[in-house]
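In the working numbering, the protein residues as written are 53 to 564.
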Ligand SMILES: Cc1ncc(COP(=O)(O)O)c(C=O)c1O
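Given below as structure tokens:
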């Protein structure tokens with residue numbers, strides 16, 4: 053004999069529906085929330101659709117659609133000839149059920165590491181989630197570039213017409229072999245072309261097999277962090293430096309050591325004293341953000357450190373194409389005889405960052421592991437932008453575009469230099485800019501830096517405080533961290549000249 057269910061009365065009170073929006077969806081959500089938080093307990097009999105429609109002044113169709121959805125998702129069950137009941141579900145705690153229903157209705161995808169609510173409960177929180185609290189990136193600047201945004205190349209010069217034609221060509225007749233799961237290390241043609249480009253233009257003797265295509269430099273750095281570090285390993289980062297790299301190392305449990313940067317690059321004596329250090333992250337061609345080029349002596353010291361301490365070096369050559377006198381510098385990786393340097397490159401500063409295309413050049417013994425690591429993270433990078441970039445390179449557009457971009461960045465730099473005010477209290481002169489897309493200018497102290505940034509912002513001009521690039525626990529006095537960083541390539545010369553006029557006005561000392 054089957055057990056007779058306990059029949060609880062259904063109370064529609066409190067179901068308030070907004071008649072301007074989809075009624076069946078609202079009814080479904082209201083009933084589902086009540087099941088999850090226990091207001092409708094297992095075994096409650098729901099009214100027949102016709103009756104509920106009358107109670108709530110809805111069409112019967114709306115109720116049937118809401119019931120169908122609840123039924124499909126298992127919240128309710130129907131018993132033949134006996135009506136519709138709330139299903140027998142495992143008991144949820146009130147807290148969990150409330151959280152669940154909120155999560156479903158507001159979208160957990162809006163995860164925000166600044167919102168530390170996820171850390172405040174007494175439930176067990178993973179260490180990476182805890183670390184994210186101190187290591188999240190600032191919100192991206194989504195508006196169109198303006199003077200003097202850092203890290204942005206001249207979008208206005210990218211040959212989108214050529215790119216669009218190549219994209220259309222790829223999609224018109226894609227090879228079926230390219231539409232399934234590809235090589236996690238990347239499209240072979242692109243890897244070949246990158247290797248040839250690096251051999252020719254950088255003197256880096258490497259083969260296509262050493263290259264793993266990534267989603268920009270950031271994924272390359274993240275893969276290094278995941279695959280080369282254990283929690284607690286020391287990581288040397290330049291201080292000031294590229295914070296997004298430091299965050300990636302810290303997220304996997306790396307212990308960040310900020311190492312000073314002088315006019316020769318990272319201070320290798322300081323590095324040698326860090327006994328727990330497994331990895332050093334450097335930007336030797338053009339230190340980010342100070343602009344220093346690492347001297348040959350330092351490069352050799354750094355390589356010797358890696359060899360003696362069984363350490364790794366990540367060489368981030370994010371803007372190496374931009375050198376304004378002579379050829380781009382040979383990378384540190386070209387001097388590496390012991391397979392200690394992982395070279396990171398990106399197309400973000402020649403094409404545009406949103407393309408998310410970069411690469412690693414790896415010592416041969418690491419290639420297989422990185423390829424697997426990439427496969428486990430994302431299988432492989434999206435196929436069309438890889439193939440289109442390969443065509444773009446093979447047909448000579450890439451080299452032509454590099455030349456165009458270098459010339460434009462130089463000309464934009466010259467406008468910035470020519471208009472730089474020399475008589476602003478506390479603000480340094482414009483240094484020589486031999487490379488890259490940005491320049492660092494000295495400022496006397498932190499208060500003055502903040503003042504200059506705020507005055508520029510009030511006029512709609514973006515200058516970035518150097519103090520943002522330091523590690524929070526740095527023992528360098530706060531006034532010694534002051535300065536301004538200006539990106540000069542993002543907008544055309546006319547806009548730069550206009551922004552310079554605004555800056556001179558904003559910063560001009562008031563005469564009494
Ligand atoms: C030093 C450095 N490395 C890497 C990147 C980012 O490269 P990607 O956009 O390819 O991740 C930047 C961006 O500004 C950078 O400044």
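All residues carry an ideal CB built from backbone N, CA and C; glycine is no exception.
Just so we're clear, the structure is a prediction, and the values are computed from it rather than from any experiment.
Following the continuous beta strand (DSSP E) through residue 123, name the residue where it begins and the one where it ends.
Segment 112 to 124 is the alpha helix (DSSP H) holding residue 123; no beta strand (DSSP E) there.
Presumed contact (8 Å Cβ cut-off) between residue 305 and residue 179, rounded CB distance
7 Å
Going along the chain, which residues put their C-beta within less than 6 Å of some heavy atom in ligand 1?
203, 268, 269, 270, 294, 335, 340, 368, 370, 398, 400, 405 and 410
Would you call residue 177 buried or exposed, if buried means 16 or more other Cβ atoms sit within 10 Å of its Cβ?
exposed
Do residue 197 and residue 515 have their CB atoms nearer than 8 Å?
No; because the gap between Cβ atoms is not below 8 Å, this pair is not in contact.
Out of curiosity, what's the CA-to-CA distance linking residue 147 and residue 370?
The pLDDT assigned to residue 147 is 42, lower than 50, so where the model puts this residue is not dependable; a value taken from the coordinates is nonetheless given after this. Their Cα atoms are separated by approximately 47 Å.
Where the alpha helix (DSSP H) through residue 425 begins and ends:
That run of the alpha helix (DSSP H) goes 419 to 430.
Extent of the continuous alpha helix (DSSP H) run through residue 361:
348 to 361
Determine the burial state of residue 95: buried for a count of at least 16 other Cβ atoms within 10 Å of its Cβ, exposed for fewer.
That one is exposed.
Write down the C-beta distance between residue 440 and residue 219 rounded to the nearest angstrom, noting that I regard them as a contact closer than 8 Å.
5 Å
Work out the CA separation of residue 259 and residue 394 for me, nearest whole Å.
If I take the Cα positions, the gap works out to 14 Å.
Less than 7 Å between C-beta atoms, sequence neighbours within five positions excluded: which residues of the same chain meet that for residue 274?
300
Three-pair Cβ contact test at 8 Å for the region 420 to 437 versus the region 230 to 241:
yes
When you compare only the Cα positions, how much space is there between residue 315 and residue 342?
9 Å
For my contact list, residue 287 and residue 308 are in at a C-beta cut-off of 8 Å; report their separation, rounded to the angstrom.
Yes, residue 287 and residue 308 are in contact; Cβ-Cβ is about 6 Å, under 8 Å.
In terms of residue numbering, what span does the beta strand (DSSP E) encompassing residue 307 cover?
307 to 314
Proximal residues to residue 488 (C-beta, below 7 Å), its chain only, five neighbours per side dropped
338, 343, 371 and 374
Those residues which DSSP pairs with residue 367 across a bridge:
Residue 367 is bridged by DSSP to 334 and 395.
Can you give me the start and stop residues for the alpha helix (DSSP H) that residue 437 sits inside?
Residue 437 -> alpha helix (DSSP H) spans 435 to 446.
Within the same chain, show all residues whose beta-carbon is closer than 8 Å to that of residue 410, passing over the 5 residues directly before and after it, in chain order.
265, 266, 267, 268, 269, 270, 271, 272, 396, 397, 398, 399 and 400
Between the region 239 to 258 and the region 443 to 457, are three or more C-beta pairs nearer than 8 Å?
Result yes; three or more Cβ-Cβ pairs closer than 8 Å.
To which residues of the same chain is residue 468 closer than 8 Å at the C-beta, ignoring the five residues directly before and after it?
200, 482, 491, 538, 540, 548 and 552
Below 8 Å, can you find three or more Cβ-Cβ pairs linking the region 220 to 234 to the region 314 to 332?
no
Below 8 Å CB to CB, which residues in the same chain sit around residue 526 once its five sequence neighbours on both sides are set aside?
291, 310 and 533
Roughly how many angstroms lie between the CA atoms of residue 523 and residue 455, to the nearest whole one?
35 Å
With a threshold of 8 Å on Cβ separation, who are the neighbours of residue 24 within its own chain once the five nearest residues in sequence on each side are excluded?
For the chain, the structure presents residues 53 to 564; residue 24 sits outside this window and is missing.
Quick one: what does DSSP say residue 450 is sitting in, helix, strand or coil?
helix
Under 8 Å Cβ to Cβ from residue 390, same chain only, skipping five residues before and after it: list those, please.
355, 358 and 359
Whose C-beta lies closer than 6 Å to the C-beta of residue 485 among residues of the same chain, with five residues either side of it excluded?
465 and 491
With C-beta atoms as the reference, is residue 108 less than 8 Å away from residue 69?
yes
Please specify which runs of the beta strand (DSSP E), each continuous and at least 3 residues long, are wholly inside the region 176 to 244, giving them in chain order.
none
Residues near residue 297 in its chain [Cβ-Cβ closer than 6 Å; skip 5 each side]
273 and 333
Quick test of your reading: residue 477 and residue 556, contact by CB under 8 Å. State the CB separation rounded to the nearest angstrom.
About 13 Å separates the two Cβ atoms, so there is no contact after all.
State yes or no: is the beta carbon of residue 72 nearer than 8 Å to at least one beta carbon in chain C?
Here there is only one protein chain, and chain C is not present.
Contact check, residue 519 vs residue 501, beta carbons under 8 Å
yes
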